[in-house]
Amino acid sequence: MLSGVPQGSVLGPLAITMFTRPLGIIAQRYGVKYQLYPDDTQLYISLDPDNKQNFSSFLNNLEHCIVDIRLLMTQNLLRLNDNKTNIIYLASPHCVKSIKTQELQLSASSITPDGSVKNLGVIFYQGINMYEHVTLACRAA
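Position in the sequence shown (first residue = 1) + 682 = my numbering.
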């Protein structure tokens, strides 16, 4: 193995901190909020859907933030997996209908907004309801 840290190693927590700290600094530079996990990073923004100029500006900041994170990861021999990158707009059902869903442009690929995403085992639906999660839990039971 040329890079990485074995899972469960003594140096694992230190190594993860060293790799993820710069991600937080980049996100803060663009005004993007973030959650960091050992194998996952979540970026998010909060905005007023009625303010169209604000909406485009925030999405532009998010795109630039992801470009800088991709560059950092490449420099550290890591890879941002575009196939596992999702975008979702969470809003009330009324607001979801009024949002013009925009794709995020990430280098050669574009990320289309999803209607639902799985986050730590819970399915989040763009209309802020638990319908899909409850349906899947009932089906599994």
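For each residue, glycine too, the CB sits at the ideal point set by N, CA and C.
Mind reading off the beta-carbon distance from residue i to residue j? Whole number of angstroms is fine, and I expect it under 8 Å.
i: residue 769; j: residue 786; result: 6 Å
i: residue 741; j: residue 723; result: Their Cβ separation, rounded to whole angstroms, is 18 Å, which puts residue 741 and residue 723 out of contact at 8 Å.
i: residue 810; j: residue 772; result: 6 Å
i: residue 743; j: residue 712; result: 5 Å
i: residue 793; j: residue 750; result: Rounded, the Cβ-Cβ distance is 16 Å, inconsistent with contact.
Tell me, which residues are paired with residue i by DSSP?
i: residue 642; result: Given a span of 683 to 823 for the chain in the structure shown, any question on residue 642 remains unanswerable.
i: residue 787; result: 792
Three-state secondary structure (DSSP) at residue i?
i: residue 767; result: coil
i: residue 717; result: strand
i: residue 757; result: helix
i: residue 687; result: coil
i: residue 774; result: coil
i: residue 750; result: helix
i: residue 762; result: coil
i: residue 862; result: Here the chain covers residues 683 to 823 and nothing more, so residue 862 does not appear.
Hey, could you find the ends of the alpha helix (DSSP H) residue i is sitting in?
i: residue 726; result: From DSSP, residue 726 is part of no alpha helix (DSSP H) but of the beta strand (DSSP E) over 722–726.
i: residue 710; result: 694–711
i: residue 818; result: 813–822
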